[in-house]
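Chains as they are written, first to last, in my numbering: chain A, 16 to 454; chain B, 2 to 616.
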């Protein structure tokens, strides 16, 4: 039994099947989104689906080639890869093409490449390399350095600016959590979300205060929070054993102050940093009154298109809401509307289950590794995919603010598809070597 | 580490499940999203049926249809406009700025995603001008719809108006939607149900710019429109047009009837209007001038105006008396001119000569006999009973009854009865001496030109008439039932001979009052009337039929404030009868005299208020 045949036998067929299923389904849906309901389908490389088809073929070929490469190559070149991606991310800020207010594209004739999509791969490999080297993230220093590894590309992408892709980098938290990051991170994350929602809601309107006059309602929330926090601390002091009292009190005070600071920063960011249309999107999400009557146009029409699908949908190339231009950006960020309108609840559920199964399969692959590198890498990939689903599908369903990121395998976009295809190919190859190497 | 794996897996499962639940809520649980999608993407359009056309009795097209254009707006597509741009757009749309602004505001309030009308009825030239620059005004578009085309511009009063349905119409009949048109007057209104047809329905898919993308999306309930039925009128286009020409610059009316059938051949009210001008963009200003015109051109005198009939009434009087046995044709009365005056040299006429000479005292005495013939102890009771008997006989001639069928606004005229005088003078407080003026077609007696023409037809038929009507056929189903009902006056046809002989004499005698109605080769029977209208000139009245045997046409001509009966009404009647019977007019001088005459009332309307004195 040669080593290479061994590897071929160990290639995980289910992962590849799920990947191909998502890719084919996504492309078929893109044909519908790109052509609309009327007339025959046009083919050729000038059409969106034609271009995407070319990307698909190229990606599959590259993925196949990657399967032939030994896993150690990716481990050894992880940092090199990371550095190269950082370079591209920096370079695109200088020589990139400005599209829609963001400098995130390298243009080559009719095709463009988005380095931010590939940066996820570099960051995943680098994080995997670092975690496997350290044997986990058990100390603050390790966690900090891991965060920096992820943070640098995220920071560069934020400069483009492309807030959506930066949010996707939160997916690395899952990998870091798996490698030892305290579960408190998740609790803190949840608390932060609650704090953010309260900040947004109370900061949305003006109130009249005694002696002050009209001012933003956020002050009442802050004062209320301080009062309740102080009361809470006092209660905790009385309820805890004297032995732990000092420590717990300190923690509670720090938490309260940190939460308040977070709220203040968040509020300032909302008011001062975000552009008006971004602020509107957030306000729309929370059902707040917005001056611009068209502010919720996108999301309202996205929901309408999805609702139009009913149980089984309108059929392929037969969705009037998406086909007749009621849903904006329906080839890219709002592509799920097309699928949902044309295949209904049944089709949408199938897609979500397929997508979730794919993520879970990747996480399952991660858990069966002896190699920490592969595990961390797989968790990174799964986390990124999960974040994409969370943000994109959450957005079109009206559960998350409108943030422009693609839905993997479905949205039009060569870079995104190719980056995922390559990352998956690397994972499958690493997984296939799980018995042969001890890392 | 296993618990951390589980945590992440649970997170993935939790959010996937949450999304599926949300999908269920949007796609199944909350039907409003589906409904919203349907409202946005499909436009249920009703297909307007083409309205029935109107033809004259010989098949000539009277009313067709042509395209009119409406300016529409889709508010969502409107560009941001500052006040200067708004003004420019208003100018382009040919509207006042405030009207334009109001129309846009209304459209926005109605729906940002559906088109609304900004301006209706844009003419061909203006449409061409606007269409050439419409690209500069995003959000605007045109919609064309068929409107009535009055090809010859005749018989506007009778045909009536086809105009936008009122709020009441909309609530009364679900057929009509905002902006639909409805027959508002005349035959357009009477035959609305026959003319309008059946609306079709289709659903089309529209895109985000409200352009129609797919009409093949057949749904249940889709059906093609059914055209309305054509109407063939009884009017004779040539005669109608000629009559309108003759009545130009005159006030009054002409009604011509085919005696055998009761079909109305021509019906003119003068002054009239051009019905084609009441269609489209020029309607507003034109309508305003018509409404403010003191001569009331919109008023259909032929069926609505009530006049005292004057001397033509004497024939009714004579016939009623003959049938009642109160006189015989040979009965003579002295022309004593005690109570009412008379004209012409005659002293003691029989019935025939009394008609020829239009002897007032003769018919005063006839009426005296008729009225006083009632049973009763006092002259008051006799008068009351006699009058009511007389009224019954007169109404059998169609007077005081509705001869216009369902034509809206048809006047009944007025034939007074005993209650009427009781109401004025009190019971038993009046006798013949009070009411005698109705004997010669004056006083309280009021008739419409249509009733007078019907009298001519009744005389032509020697005792019966068919109810006048205007429809020869609906669609290909022929004449509707109930039109042209045979009515009998109850006067024996033998009684008509002396009267008709007299009418012949009125025209043929070189000194006859109706000599101007003479037509070479055609036996015309006629009777003039001259109705006083102090302080203005008399009304000129003439009724006639021809030929004497086998009459083809009977008519009444009423020319207000123009002179005595033979002067204007008689020659107009002659021209019309000759035109109808022979196809042309031989007497050029007579024709030119009428065409050139301007008989519009030279006196101011007495009821108009004097203008305020200048300070």
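Where a beta carbon is used, it is the ideal one built from N, C-alpha and C, also for glycine.
Remember, it's a predicted structure, so these values are computed and weren't measured experimentally.
- Taking residue 338 (chain B) as the centre and dropping the five residues before and after it, the same chain places the C-beta of 362 closer than 7 angstroms to its C-beta, in chain order.
- Comparing C-alpha distances from residue 449 (chain B) to each of B:434, B:479, B:412 shows the shortest one belongs to B:412.
- Among the CB atoms of chain B, one or more fall inside 8 angstroms of the CB of residue 336 (chain A).
- Excluding sequence positions up to five before and after residue 68 (chain A), its CB lies within less than 8 angstroms of the CB of 42, all in the same chain and listed in chain order.
- Bounds of the beta strand (DSSP E) holding residue 151 (chain B) are 141-151.
- Rounded to whole angstroms, residue 135 (chain B) and residue 114 (chain B) show a C-alpha spacing of 19 angstroms.
- Chain-ordered listing is empty here: chain B has no CB closer than 9 angstroms to the CB of residue 265 (chain A), the nearest sitting near 28 angstroms.
- Under the criterion of beta carbons closer than 8 angstroms, residue 461 (chain B) and residue 518 (chain B) do not qualify as touching, at roughly 15 angstroms.
- Annotation: the continuous alpha helix (DSSP H) that includes residue 350 (chain A) extends over 350-382.
- In the structure shown, residue 390 (chain B) falls within a helical segment according to DSSP collapsed to helix, strand and coil.
- In the three-state reduction of the DSSP assignment, residue 172 (chain B) falls in the helix class.
- Segment contact: the region 224-233 of chain B against the region 465-481 of chain B, three or more CB-CB distances shorter than 8 angstroms; contact assigned.
- Taking C-beta separations shorter than 6 angstroms and ignoring five residues to either side along the sequence, residue 5 (chain B) has no partners in its chain.
- The alpha-carbon of residue 240 (chain B) is positioned some 12 angstroms away from that of residue 153 (chain B).
- Of all C-beta pairs linking the region 328-340 of chain A to the region 353-361 of chain A, three or more are shorter than 8 angstroms, placing the two stretches in contact.
- Two segments are said to touch when three or more pairs of C-beta atoms, one from each, lie closer than 8 angstroms; by this definition the region 396-405 of chain A does not touch the region 153-172 of chain A.
- Contact holds between the region 544-559 of chain B and the region 245-259 of chain B, because three or more Cβ pairs, one in each stretch, are under 8 angstroms apart.
- Taking a beta-carbon distance threshold of 8 angstroms, residue 192 (chain A) counts as an interface residue toward chain B.
- Sequence-ordered contacts of the region 10-26 of chain B with chain A read 10, 12, 13, 14, 16, 17, 19, 20, 21, 23, 24, 25 [C-beta pairs closer than 8 angstroms].
- Contact between residue 140 (chain B) and residue 75 (chain B) holds: their C-beta atoms lie close to 5 angstroms from each other, under 8 angstroms.
- For residue 363 (chain A), the C-beta contacts it makes with chain B under 8 angstroms involve 21, 24, 28, in order along the chain.
- Between the beta-carbon of residue 368 (chain B) and that of residue 318 (chain B) there is about 6 angstroms, and that keeps the pair under the 8 angstroms contact cut.
- Per DSSP, the unbroken alpha helix (DSSP H) holding residue 243 (chain B) starts and ends at 238-247.
- Residue-level contact check: residue 411 (chain B) does not touch chain A, since none of the beta carbons of chain A fall below 8 angstroms from its beta carbon.
- A Cβ-Cβ separation of about 4 angstroms places residue 359 (chain B) in contact with residue 312 (chain B) under the 8 angstroms criterion.
- Leaving aside the five residues that flank residue 164 (chain A) on each side, the residues in its chain whose CB is nearer than 7 angstroms to its CB run, in chain order, 138, 141, 142, 145.
- With 16 or more other CB atoms across the displayed protein chains lying within 10 angstroms of its CB, residue 197 (chain B) is buried.
- Ranking B:124, B:130, B:32, B:142 by CA distance to the CA of residue 77 (chain B) puts B:142 first.
- DSSP places residue 430 (chain A) inside the alpha helix (DSSP H), whose first and last residues are 429-447.
- For secondary structure counted as the beta strand (DSSP E) over 3 or more consecutive residues, the region 15-90 of chain B holds these complete runs in sequence order: 43-48, 62-74.
- Going by beta carbons, residue 67 (chain B) and residue 150 (chain B) fall inside the 8 angstroms limit.
- Chain order gives the chain A residues near residue 208 (chain B) as 51, 335, 338, 339, 340, 341, where near means a beta carbon separation below 9 angstroms.
- Under the Cβ criterion (8 angstroms, minimum of three pairs), the region 100-108 of chain A does not count as touching the region 54-68 of chain A.
- Here residue 544 (chain B) carries a strand assignment [DSSP, helix/strand/coil].
- In the DSSP assignment, the residues bridged to residue 117 (chain B) are B:74.
- For residue 109 (chain B), none of the residues of chain A pass the 9 angstroms Cβ criterion, the least Cβ distance being about 10 angstroms.
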